[in-house]
Amino acid sequence: MKNFAGKICFITGGASGAGLGQAKVFGKAGMKVTIADVRQEALDNAVEELVEYGIKREDILAIRADLTNRDEYKAAADKVEEVFGGPPHLLIQTAGVNSFGPIEASTFDDFDWVMGVCLDHVVNGLLIYVPRMIKAYGHKEEFHVATTSSMGAFMAGPTTGPYSAAKAAVNNLMYSYAEALKPYGGGATVLCPGNIRSNIGEAEKYRPEHLRNTGYHISEGTIKTLNAIHAQGIDPVELAEILKEGIENGRIVVLPSRDPSAWAGQLRAQHQIIEDYTLTAAEREEKAKARMEEMRKRFAAAGDGKDAPPPPMWEIPEGGEPFGLARADIEWVDPNKKKK
Ligand code: NAI
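Quick look at the structure:
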């Protein structure tokens with residue numbers, strides 16, 4: 000998709016972080032922008048921020064909806080057609096939440112919340128919107144679906160189970176849509192950021208009441224630590240510009256850099272880890288050791304920076320606590336994995 004001016008854009012999670020950055024960038028590109036989000040106050044603030052950013056108030060529509068709920072998503076989609084006269088030419092599904100803890104301590108609530116927002120809402124949007132987009136624009140006008148996934152789609156750690164599973168599924172969905180939409184003149188892109196300067200660390204504060212039975216240790220301190228980490232992330236407007244460039248160039252996977260090869264070393268290492276699962280434990284250990292040694296040499300040689308190790312990601316800030324631990328009262332969890 001190359002022409003944005005005068006077209007319609009729908010952004011989920013558009014009240015904050017990456018989604019708000021996307022609203023600024025695609026709004027500035029002349030699109031009529033709907034931001035759909037579960038938090039009314041954040042939406043109200045976002046509208047003012049967008050107007051201050053130079054986007055015309057009449058080109059902004061804010062809709063409060065829990066997009067994991069299919070009826071609420073459908074009602075939002077109907078509202079967009081009523082106000083802007085058609086379905087979006089560009090659907091960007093960016094709403095997301097995260098929660099960290101040992102996967103073996105996870106509850107159904109942990110899975111339902113994280114996978115509900117990170118995966119189910121994406122499915123809802125695709126099933127509700129894609130038929131409408133094909134009917135309105137297929138073979139006639141450019142249209143595109145994009146989703147904000149994560150680097151977590153390529154790597155699963157022991158404390159990111161539901162999130163990594165959801166994001167990996169989202170990537171695969173977008174690869175399917177990229178092929179499926181071609182005959183209609185449509186396209187698909189999946190954005191895979193590393194760390195974003197956003198409010199995702201605060202997400203636990205609005206976890207729905209009926210999904211609050213978590214197996215993880217969550218506190219003001221863990222939220223503080225997460226906020227400190229995300230404060231070091233990429234600027235959401237910069238990230239949205241990278242996404243726009245990716246969409247314009249027909250990229251299916253967009254990495255969080257203007258030079259995607261900057262991430263190639265890390266992606267190769269991740270794929271190698273997956274390939275290594277086919278080896279015996281002893282062979283795998285041997286290879287892992289050799290890989291570490293190789294990396295140490297490469298970093299010591301201080302090349303062109305492309306394969307340089309990421310800067311130290313984070314330290315526990317004052318008043319912060321480590322995250323990724325299980326609740327202290329879960330007796331059977333390994334003592335090193337739970338809040339003491
Ligand atoms: P954010 O918290 O600033 O924005 C996410 C928005 O999603 C919030 O405004 C929130 O209200 C909304 N949302 C949550 N549940 C919703 C629901 N049920 N219905 C409608 N809206 C809902 O966080 P951020 O970081 O901007 O997140 C955007 C996307 O980027 C997410 O998909 C996240 O997984 C992804 N991501 C974030 C990274 C980071 O470091 N912050 C790294 C990689 C990916």
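Once you know that position 197 of the sequence shown is 196 in numbering that gives the first Met the number 0, the rest is easy, because the numbers rise by one and skip nothing. From the three backbone atoms N, C-alpha and C, an ideal C-beta is built for every residue, glycine too.
Quick one: Cα of residue i to Cα of residue j, how far?
i, j, result
"Glu-274", "Gly-115", "29 Å"
"Pro-309", "Thr-221", "With a pLDDT of 49 at Pro-309, under the threshold of 50, the modelled position of that residue is not reliable, and no figure is offered here."
"Leu-90", "Ala-325", "36 Å"
"Ile-34", "Arg-63", "9 Å"
"Thr-213", "Lys-338", "13 Å"
"Gly-302", "Asn-170", "Note that Gly-302 scores 49 on pLDDT, short of 50, meaning its location in the model is unreliable and no value can be drawn from it."
"Val-166", "Ser-148", "Checking the sequence shown, residue 166 turns out to be Lys, not Val. If you take the alpha carbons of Lys-166 and Ser-148, they lie about 5 Å apart."
"Pro-182", "Ala-227", "45 Å"
"Ser-15", "Phe-3", "22 Å"
"Ala-307", "Glu-284", "Unreliable positioning characterises Ala-307 in this predicted model, as indicated by a pLDDT of 48, which lies under 50. A coordinate reading is not provided."
"Asn-44", "Tyr-72", "21 Å"
"Thr-279", "Ala-155", "20 Å"
"Asp-58", "Phe-9", "12 Å"
"Val-332", "Val-79", "47 Å"
"Pro-334", "Ala-177", "45 Å"
"Ala-104", "Ala-281", "28 Å"
So for residue i, helix, strand or coil by DSSP?
i, result
"Thr-83", "Checking the sequence, you will find Phe at residue 83 rather than Thr. DSSP places Phe-83 in helix when its eight states are reduced to three."
"Thr-224", "helix"
"His-143", "strand"
"Asp-275", "helix"
"Ala-187", "strand"
"Lys-31", "strand"
"Val-129", "helix"
"Arg-63", "strand"
"Ala-14", "coil"
"Ala-307", "Note that Ala-307 scores a pLDDT of 48, beneath 50, so its modelled location is shaky and nothing firm can be said."
"Val-113", "helix"
"Ala-135", "helix"
"Gln-92", "strand"
"Phe-107", "helix"
"Gly-302", "Unreliable placement is indicated for Gly-302, whose pLDDT of 49 sits below 50; the coordinate value is still reported in the next sentence. In this structure, Gly-302 counts as coil in the three-state DSSP scheme."
"Tyr-215", "strand"
"Ile-233", "strand"
"Asp-36", "strand"
"Lys-346", "As displayed, the chain neither begins before 0 nor continues past 339, which places residue 346 out of reach and without an answer."
Based on Cα-Cα distance, which residue from the options lies nearest to residue i?
i, options, result
"Arg-38", "Val-46, Gly-185 and Cys-191", "Val-46"
"Val-82", "Glu-178, Glu-240, Asp-119 and Ile-7", "Ile-7"
"Gln-21", "Ser-148, Leu-242 and Leu-60", "Leu-242"
"Phe-322", "Arg-295, Leu-225, Ile-199 and Asn-198", "Leu-225"
"Val-121", "Pro-130, Asn-97 and Gln-92", "Gln-92"
"His-143", "Ala-155, Pro-235, Gly-193 and His-88", "His-88"
"Gly-137", "Lys-296, Ile-54, Ile-329 and Ala-179", "Ala-179"
"His-209", "Ala-104, Trp-331, Trp-112 and Ala-261", "Trp-112"
"Leu-19", "Tyr-52, Gly-29 and Ala-261", "Tyr-52"
"Tyr-215", "Asp-328, Glu-317, Met-173 and Ala-152", "Asp-328"
"His-229", "Phe-107, Pro-316 and Ile-272", "Pro-316"
"Pro-207", "Glu-244, Asn-68 and Arg-267", "Asn-68"
"Ala-28", "Gln-265, Glu-40 and Glu-244", "Glu-244"
Give a single yes or no on whether residue i has its beta carbon closer than 7 Å to a heavy atom of ligand 1.
i, result
"Ile-315", "no"
"Met-114", "no"
"Ala-41", "yes"
"Asp-77", "no"
"Val-252", "no"
"Pro-192", "yes"
"Ser-149", "yes"
"Ser-163", "no"
"Ile-62", "no"
"Ile-199", "yes"
"Thr-158", "no"
"Ala-14", "yes"
"Gly-323", "no"
"Gly-95", "yes"
"Ala-202", "yes"
"Cys-8", "no"
"Asp-36", "yes"
Please confirm whether residue i and residue j have their CB atoms less than 8 Å apart.
i, j, result
"Ile-217", "Glu-203", "yes"
"Ala-239", "Thr-188", "no"
"Arg-196", "Gly-232", "yes"
"Asp-77", "Pro-161", "no"
"Ile-102", "Pro-157", "yes"
"Thr-11", "Leu-49", "no"
"Pro-259", "Ala-17", "no"
"Gly-186", "Gly-249", "yes"
"Leu-118", "Ala-168", "yes"
"Lys-31", "Glu-141", "no"
"Ile-251", "Asn-97", "no"
"Gly-26", "Ile-54", "yes"
"Ala-94", "Asp-36", "yes"
"Pro-192", "Pro-130", "no"
"Leu-172", "Val-253", "no"
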